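Undergrad: These protein sequence lines map, in sequence, to chains V and C. Going by our numbering, the first sequence opens with residue 669, and the numbers climb by one from there. Going by our numbering, the second sequence opens with residue 1421, and the numbers climb by one from there. Heads up, the beta-carbon is just placed ideally off N, CA and C, and yes, glycines get one too. Note that the structure is a prediction, hence the values are computed from the model and not measured.
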Amino acid sequence: MNLFRLAGDMSHLFSIVLILLKIYTSKSCAGLSMKTQELYTLVFVTRYLDLFYSYVSLYNTVMKLIFLASSFGILWYMRYHKQVKQTYDREQDTFRHYILVVPCAVLALIVNNELSVTEVLWTFSIYLEAVAILPQLVLLQRTKNVDNLTGQYIFFLGAYRALYILNWIYRYWTEPKYRQYLVWAAGLVQTGLYADFFYYYLKSWQAGEKLRLP
Amino acid sequence: EESRSGHDEL
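1. Under a three-way DSSP split, which group does residue 715(V) fall into?
2. Considering just the uninterrupted stretch of the alpha helix (DSSP H) at residue 781(V), what are its terminal residues?
3. Find the residues of chain C that neighbour residue 673(V), judging by a C-beta separation of less than 8 Å, and give them in chain order.
4. Can you list the residues of chain C that residue 722(V) reaches, using a CB-CB cut of under 8 Å?
5. Are any of the Cβ atoms in chain C nearer than 8 Å to that of residue 731(V)?
6. Under three-state DSSP, which class holds residue 810(V)?
7. Below 8 Å on the Cβ atoms is my guess for residue 792(V) versus residue 714(V); work out the distance and round it to an integer in Å.
8. Taking buried to mean at least 16 other C-beta atoms within 10 Å of its own C-beta, is residue 836(V) buried or exposed?
9. So the candidates are 746(V), 743(V), 839(V) and 769(V); which of them puts its Cα closest to the Cα of residue 642(V)?
10. With a cut-off of 8 Å, do at least 3 Cβ pairs link the stretch 693 to 705 of chain V to the stretch 746 to 756 of chain V?
11. Relative to chain C, which residues along the stretch 834 to 861 of chain V have a C-beta separation below 7 Å, given in chain order?
12. Please determine if the stretch 775 to 793 of chain V and the stretch 728 to 740 of chain V are in contact, where contact requires at least 3 C-beta pairs separated by less than 8 Å.
13. Report the rounded CA-to-CA distance for residue 864(V) versus residue 686(V), giving the unit in angstroms.
14. Could you check what DSSP says for residue 673(V) in three-state terms: helix, strand or coil?
15. Can you give, in chain order, each stretch of the alpha helix (DSSP H) that sits fully within the stretch 847 to 879 of chain V and has at least 4 residues?
16. Starting from the C-beta of residue 721(V), find all residues in its chain whose C-beta is less than 8 Å away, skip the five residues before and the five after it, and write them out in chain order.
17. Is residue 880(V) near the ligand GDP, with its Cβ less than 7 Å from a heavy atom?
18. Give the interface partners of residue 728(V) over in chain C, defined as CB-CB distance under 8 Å, in chain order.
19. Under 8 Å, do residue 741(V) and residue 688(V) count as touching if we go by C-beta distance?
20. So does the stretch 804 to 814 of chain V actually touch the stretch 837 to 844 of chain V, counting three or more Cβ pairs closer than 8 Å?
21. Helix, strand or coil, according to DSSP, for residue 801(V) in the structure here?
22. Count the other CB atoms, across all protein chains shown, that sit within 10 Å of the CB of residue 790(V); report buried if there are 16 or more and exposed otherwise.
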């Protein structure tokens, strides 16, 4: 475990804490895409099936359980909490899951390291994670009103990916056997999706204003 | 086993 990886994981964790904090304190999920949250939950469920058959470290196990529990927690709030569910932008959050899920599933069946159920599901989760933010970005563009916490949530989610890239570069040089072309490609795509958002986020931040998208 | 080395990430 290197510092980039740890910082990346913490950034990921922090983004989830932010979103829970936003929902819990404001009793509102306005501006949040339930589609994206559902996709992330699917990502965690398909990737962390390995909790049942492989053990890496206590750190990994605990983090996986936190990610699983928190993503189901967010979904529960958005769907069932009496006040929170009324603030959900149902009409604006229209992105269809299958537009992302089906191509990712097909790609995982074709491009993978091993044609086994668990490996294909794991690969599917890698591909899906890369694009799962899209419904959220579309919702942002549409509603244009981005509150601070939602902006920070996406910022830290993007930072997590950028830090993971540094982690991969570090591991590439320090671990000769560590070669994860498929994960790297997906990670680059994922980070690229945030580029536009980062640009506007930093611009608004520099100007000392609230984030505004064009 | 090497192909699974990425599985130690989250």
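TA: Reading it off the structure:
1. Taking the first sequence and counting its residues from 1, one reaches residue 715(V) at position 47. DSSP, read as helix, strand or coil, puts residue 715(V) in helix.
2. As a working note, residue 781(V) is residue 113 in the first sequence. Membership of residue 781(V) in any alpha helix (DSSP H) is not indicated, and neither H nor E is assigned to it by DSSP.
3. The residue you call residue 673(V) lines up with position 5 of the first sequence. Near residue 673(V) (Cβ distances below 8 Å), the residues of chain C are 1429.
4. For the purposes of this step, residue 722(V) is taken as the residue at position 54 of the first sequence. 1427, listed in chain order.
5. The residue given as residue 731(V) occupies position 63 in the first sequence. Closer than 8 Å to some Cβ of chain C, the Cβ of residue 731(V) qualifies, so yes.
6. Within the first sequence, the letter at position 142 stands for residue 810(V). Secondary structure of residue 810(V) (DSSP, three-state): helix.
7. By one-based count along the first sequence, residue 792(V) stands at place 124. By one-based count along the first sequence, residue 714(V) stands at place 46. Between residue 714(V) and residue 792(V) the Cβ distance is about 6 Å, and since that is below 8 Å, they are a contact.
8. Translated into the one-based positions of the first sequence, residue 836(V) becomes position 168. Buried.
9. In the structure as shown, chain V starts at 669 and stops at 882, and residue 642(V) therefore has no counterpart that could be examined.
10. The answer is yes - the stretch 746 to 756 of chain V touches the stretch 693 to 705 of chain V, with three or more Cβ pairs under 8 Å.
11. So the list reads 845, 846, 848 and 851, given in the order they occur along the chain.
12. No, they do not touch.
13. The residue labelled residue 864(V) in the question sits at position 196 within the first sequence. The residue labelled residue 686(V) in the question sits at position 18 within the first sequence. Take the alpha-carbon of residue 864(V) and the one of residue 686(V): they are about 21 Å apart.
14. As a first step, residue 673(V) must be located in the first sequence, where it is residue number 5. Note: residue 673(V) maps to helix in three-state DSSP.
15. Complete alpha helix (DSSP H) runs here, min 4: 849 to 874.
16. To locate residue 721(V), count along the first sequence from 1; it is residue 53. Excluding sequence neighbours, residue 721(V) sits near 786.
17. Although the ligand GDP was asked about, the structure shown includes no ligands whatsoever.
18. Indexing the first sequence from 1 puts residue 728(V) at position 60. Simply 1428 and 1430.
19. Position 73 of the first sequence, counted from the start, is the residue given in the question as residue 741(V). Position 20 of the first sequence, counted from the start, is the residue given in the question as residue 688(V). Contact: yes.
20. The stretch 804 to 814 of chain V makes no contact with the stretch 837 to 844 of chain V; the number of CB pairs closer than 8 Å stays below 3.
21. Counting from 1 along the first sequence, the entry for residue 801(V) is found at position 133. In the structure shown, residue 801(V) falls within a coil segment according to DSSP collapsed to helix, strand and coil.
22. As a position in the first sequence, residue 790(V) is number 122, starting the count at 1. Label assigned to residue 790(V): buried.
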